[in-house]
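Mind the numbering: the sequence shown is residues 106 to 621 in my numbering, read in order.
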Amino acid sequence: MTTETNEPHPTAAPAPPPPVTAIEVNGIAPIPDHERSASPLDLFRLIFGGANTFATVVLGTFPIVFGLSFWQGFASILIGLTLGATLLAPMALFGPRNGTNNAVSSSAHLGVHGRIVGSFLSLLTALAFFSISVWSSGDMLIGAAHRAIKIPENDVSLGFGYGLFAVLVLVVCIYGFRFMLLVNKIAVVATTLLFVLGIVAFAGDFDAGYAGAFGPDADAATQGLFWPAFVGAVLIVMSNPVSFGAFLGDWSRYIPRGTSSSKLMGAAFAAQLATLIPFLFGLTTATIVATAQPDLFAAGNYAGGLLAISPGWFMLPVCAIAVIGGLSTGTTSLYGTGLDFSSVFPRFNRVQATTFIGVFAIAFIFVGRFAVDVVTSISTFAVLIVVCTAPWMVVMMLGWYTRRGWYDSDSLQVFNRRQHGGRYWFAHGWNWRAMGSWLVSAGVGLTFVNLPGQFVGWFGDHADGIDLSIPVSLGLAAVLYLAALRIFPEPADAFGPEGPRLIPAGPAANHPIVGD
């Protein structure tokens, strides 16, 4: 049995980072200590940059779509972001401690083979949010160009816009972490300034007294729909931070292992709170579009309505937001999936795996837009993925707490090296305690989804129309996993020298690492 751990230990000073134009060679093996030159500020930039886009703006319109007033919508956004950021923040801890991505770190809790759950969730999340990013940014770019310089707005021009974004994103991801960090450093500043410029563009038309559908003149039947609408808005906003849960380790693995936990969690939390900027841009402009362009808004064409109400001089900033924001969101979605794919299929290195996943995602974008038209359903798909990701995050966080943040780096890499055994082998590579808790929680959570006209689970209508999917999946995962750990203790050698916290430990399993 290996005794190697990833507990902090004295290391040499980090080497100077390679040029941003140097293609990253590191895969999912632990990043050597001397190469860990990133900081919590860099993590903030990557998270905020990845969410400071039109895709987030569109999410900010949902409170108004659901009929809330401006101030009710503001409250739903603030609550959703705070809850989501609180849930997300601890997921920043795994990368610096283990030097690898969160899917690999999940081996410690779901088992050597059970870690594929994290890989699968990462793939689906990346595909959904990469597609949303490319479609929303492409639509805004071509729409703004059509109004500004009369470029035809048809399938050919849209296809060109989508292709431009997708290829640029793939190139950045192939170059790797440093290039992606540079893009997001620019995006954080540039896109924020452009959104602030939007305040000037729309200040004269904004009315903070926008009443929505639940004003004092609404009838009793309409008023009865307020809480389902409010909770639904909160959960949609909350889904944005939660969608980052599987990816934080992709970026934080370059941060030195001894970095303060409070700084890491603070960076993740603050980055999500900073997305109030695009959320409020969407919320504010949605009230204007709903008032000035009610037909477009009712038809779900917020982008067309926004372009219709924008002053001519704001078209160039719209194009810039679309380009910069589309790049930052796309890279943060696609990079980690290519990275993790290289561990699931070891014949591919990181660059080859990223290229393969990128080409597949680009094909999906074009087929999904022009052949089978899944654009309207991809947002629903994203919500369902988040419902499944939330209990996985609970398992990871409770696992961290009960293990006291102690992990064996060598045993985490067993799957990637196509070996067997190690501290996290459990039952043939599966930890049924965590796997069972996740499966049941995700499955039950899906039955409580309530997205009228899109997807309503078996119990979706059993709470007066309120969507309880994420609260149910989160709470059930916590109860089931802790109960399983107490009733069926994990082997003692899965824990560090201080033993477990809160739960008992069973006899050591002593599975030696064998194989190539």
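Every residue, glycine too, gets a C-beta built ideally from N, C-alpha and C. Because the structure is a prediction, the values reported are computed rather than measured.
When the beta-carbon positions are compared, ILE184 and VAL339 come within less than 7 Å of each other. The beta carbon of GLY281 sits closer than 7 Å to those of ILE128, GLU129, all from its chain and outside the five residues before and after it, given in chain order. Proximity to GLY266 across ALA249, ILE279, THR494, GLY405 peaks at ALA249, based on C-alpha coordinates. In this structure, the straight-line span from the alpha carbon of VAL423 to that of LEU246 is close to 7 Å. With contacts defined by Cβ atoms closer than 7 Å, ALA351 and THR230 form a contacting pair.
Counted as a single uninterrupted DSSP element, the alpha helix (DSSP H) harbouring ASN203 occupies residues 199 to 203. The straight-line gap separating the alpha-carbon atoms of GLY580 and VAL499 is approximately 9 Å. Under the criterion of beta carbons closer than 8 Å, MET343 and ILE575 qualify as touching, at roughly 7 Å. Cβ-Cβ distances below 8 Å link PHE461 to GLY443, PHE446, PHE453 in the same chain, with the five nearest sequence neighbours on each side left out; the list follows chain order. The beta carbon of SER236 sits closer than 6 Å to those of ILE470, ILE483, all from its chain and outside the five residues before and after it, given in chain order. Under the Cβ criterion (8 Å, minimum of three pairs), the stretch 372 to 385 does not count as touching the stretch 218 to 225.
Runs of alpha helix (DSSP H) with 4 or more residues, each lying fully within the stretch 206 to 284, are found at 207 to 210, 212 to 215, 221 to 254, 260 to 280, listed in chain order.
Counting along the chain, ASP513 sits inside no alpha helix (DSSP H), nor does DSSP assign it H or E at all. Residue state for ASN555 is assigned as strand, using DSSP reduced to three classes.
For GLY611, the secondary structure class from DSSP, reduced to helix, strand or coil, is strand. Listed as beta-bridge partners of GLY620 by DSSP are GLN524. The DSSP-derived three-state label of ALA313 is coil. Under the three-state reduction of DSSP, PHE560 is assigned to strand.
By the beta-carbon neighbour count (other beta carbons within 10 angstroms, threshold 16), GLY604 is exposed. The beta carbon of GLY178 sits closer than 7 Å to the beta carbons of PRO168, ILE169, ALA338, LEU388 from its chain, once the five residues preceding and following it are set aside; these are given in chain order. Straight across, the Cα-Cα distance linking ALA397 with MET370 is about 41 Å. Residue nearest to TRP530 within the set VAL577, ILE618, ALA487 is ILE618 (criterion: CA-CA distance). It is roughly 31 Å from the alpha-carbon of ARG523 to the alpha-carbon of VAL274. Per DSSP, GLN518 is not a residue of any alpha helix (DSSP H), being assigned neither H nor E. Linking PHE270 to GLY243 through their CA atoms gives a straight-line distance of about 7 Å. In this structure, the alpha-carbon of ASN521 lies about 7 Å from that of VAL449.
Taking the C-beta atoms as reference points, SER433 is found nearer than 7 Å to ASN289.
Beta-bridge pairing by DSSP links GLU595 to ALA610. One thing to note: ARG538 has its Cβ no nearer than 7 Å to the Cβ of PRO361.
Scanning the stretch 160 to 191 from its first residue to its last, no whole beta strand (DSSP E) run of 3-plus residues comes out. Of the residues THR436, ASP310, GLY314, TYR512, the one whose Cα lies closest to the Cα of ALA213 is TYR512.
Look at the stretch 410 to 455 and you find these whole runs of alpha helix (DSSP H), each 4 residues long or longer: 420 to 449. Assignment of TRP535 by DSSP, reduced to helix, strand and coil, places it in the strand class.
In the three-state scheme derived from DSSP, where H, G and I count as helix and E and B as strand, TYR359 is classed as coil. In the assembly as shown, THR459 is a buried residue. Its beta-carbon has 16 or more other beta-carbons within 10 Å. Between ARG591 and ARG509, the C-beta spacing is not below 7 Å.
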